[in-house]
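Remarks on the structure that follows.
Residue numbers (the numbering used here): 798 to 1285.
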């Protein structure tokens, strides 16, 4: 009984073959190459090493699988006859070499010649280098003839080997198009490791149109980037448990009405995180706000009104319906035209709204409500064309408030004060200032400066009543100066 030693010729030029393999080729009793069509073979011939190949079988074989079976059987038969065979294959024996797999399987089933496999460098190592990929991130390697066995989804990059000719390339393309878009960008490689190697990106549908496809052609398919999806079910399931018998007593007794304040507070906490530019806090607060939405949807589902899926479907359909310039055939010039179309669509959706100011929630904060109602009235044509009269209106309302104060009529003062604030909101609209955000900013500014005054008083060791207003005002001005970077 002889032996079988399987070696790899490397991926290309002779320098990529290992010294161990070269010595085995030189000293072999009987050297057989799967194919003589390999760049390293010229060096083997130049060294005067005798060998035979299986190239003649390629033309007569019914299929590649039948060819590989015939080669494996012949190798085993020669070794079983008492000869020590060195069987050389392109690349590495352990990478994408079907004849080696078949030989190992056959020798496992029955006692046969001793088998030794010498590892070597494959084209895959060259491909790593050329493409700048790291196999630690995951890689799938498949023979072009085995693409039909590829799962519908695979999480890694894909190397397709043994793209021998145009027909094989066509079959590989058709198999991959079943799983990928036909214009998916892939990397076509040819003659890796040789002086004339080619590495180029092509759309998948052009795979069988390449002029240089032969036995040294392979393909790299980058991992398919899947759209990111989000799963709401864990949160929905937790809320269902909290509201179920044996759940949380507090959650169970809540109603849409009892949670109104919570919903408003969560909205303002989101705004606070945005204004603080606190991304971590924003993530948390958005979660709290989402929980309120899921909470209300759960209560509605229990009452048989609607469920969370209907909430999602409803807003999705509305967004598509109100963006015909994105999802339809409507053309727009700018954002202003988008808003015009938006309002037209809303009118069609809400025919019951007769007034231009219908649909503004009365529960909105007063400043926001005032700004919205003024903006709606302006769109209907009820507005000044320039800012001058707006300044005059503010002055008029201020004078009327002073008169009401002089009369000491509480109702009249409240009425005139409201008119003054309403006029100032109108002024903010003309100045393109958000009155709600402006007042919030003023509130923060006051709080910040007041705390600075408090610290001054505390550091002095005195009580507040030991300071008169001019002294406290001096601390206030110092706080303002520090904010402006002035030296106190």
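Glycine residues also receive a C-beta, built at the ideal position from the N, C-alpha and C atoms.
Contact between residue 811 and residue 840 holds: CB atoms are separated by about 4 angstroms, below the 8 angstroms threshold. Each residue's CA atom was taken as its position, placing residue 1103 and residue 1088 some 17 angstroms apart.
At a cut-off of 4 residues, the continuous stretches assigned as alpha helix (DSSP H) that sit fully inside the region 1016-1085 are 1030-1040, 1046-1049 and 1057-1072. The beta-carbon separation of residue 806 and residue 814, rounded to 6 angstroms, stays under the 8 angstroms limit for a contact.
The continuous beta strand (DSSP E) containing residue 954 extends over residues 954-958. Annotation: residue 1256 to residue 1240 spans about 24 angstroms, alpha carbon to alpha carbon. In the DSSP assignment, residue 999 is bridged to 983. Counting only residues of its own chain and dropping the five nearest sequence neighbours on each side, residue 1249 has a CB closer than 6 angstroms to the CB of 1276. The beta carbons of residue 1038 and residue 1015 sit no closer together than 8 angstroms. Residues 1209, 1210 and 1213 of the same chain have their beta carbon placed closer than 6 angstroms to that of residue 1201, with the five preceding and five following residues left out of the count. In its chain, beyond the 5 residues on either side, 850 and 852 have a beta carbon closer than 7 angstroms to the beta carbon of residue 833. Residue 828 is bridged by DSSP to 883.
Counted as a single uninterrupted DSSP element, the alpha helix (DSSP H) harbouring residue 905 occupies residues 895-906. The Cβ neighbour count for residue 819, taken over all protein chains shown within 10 Å, is at least 16; the residue is labelled buried. When secondary structure is reduced to three states using DSSP, residue 862 falls in the helix class. Under a 10 Å Cβ-count criterion, residue 940 is classified as buried, with 16 or more other Cβ atoms of the shown protein chains found around its own Cβ. Only residues of its own chain outside the window of five on either side were considered, and among them 1094 have a CB closer than 6 angstroms to the CB of residue 1108, listed in chain order. Shortest Cα-Cα distance from residue 1051 to any of 1017, 1099 and 1030 involves 1099.
Your pair residue 803 and residue 884 checks out as a contact, with CB atoms roughly 5 angstroms apart and the cut at 8 angstroms.
Put simply, the backbone Cα of residue 928 is about 13 angstroms away from that of residue 936. With respect to residue 954, residue 1031 sits apart: the two C-beta atoms are not nearer than 8 angstroms.
In terms of CA proximity to residue 1092, 1047 leads the group 1047, 1070, 1266 and 1136. Here residue 1195 has 1217 as same chain residues with Cβ atoms under 7 angstroms from its own Cβ, once five neighbours each way along the sequence are excluded.
In the DSSP assignment, residue 888 forms a beta bridge with 807.
Collapsing the DSSP output to three states places residue 1090 in a helix.
The beta carbon of residue 1105 is closer than 6 angstroms to those of 1033 and 1094 in its chain, skipping five residues each way along the sequence. Exposed is the label assigned to residue 913, since fewer than 16 other Cβ atoms lie within 10 Å of its Cβ. By the beta-carbon neighbour count (other beta carbons within 10 angstroms, threshold 16), residue 824 is exposed.
Residues 1082 of the same chain have their beta carbon placed closer than 6 angstroms to that of residue 1066, with the five preceding and five following residues left out of the count.
Rounded to whole angstroms, the gap between the alpha carbons of residue 890 and residue 979 is 33 angstroms. Unbroken alpha helix (DSSP H) runs of no fewer than 4 residues, entirely contained in the region 1189-1265, are found at 1207-1227 and 1232-1257, following chain order. Per DSSP, the beta-bridge partners of residue 801 are 882 and 912. With respect to residue 1222, residue 1164 sits close: the two C-beta atoms are nearer than 8 angstroms. Of the other Cβ atoms in all chains shown, fewer than 16 fall within 10 Å of the Cβ of residue 1266; this residue is therefore exposed.
DSSP links residue 938 through a beta bridge to 956.
Residue 1004 and residue 1044 have their alpha carbons spaced roughly 59 angstroms apart.
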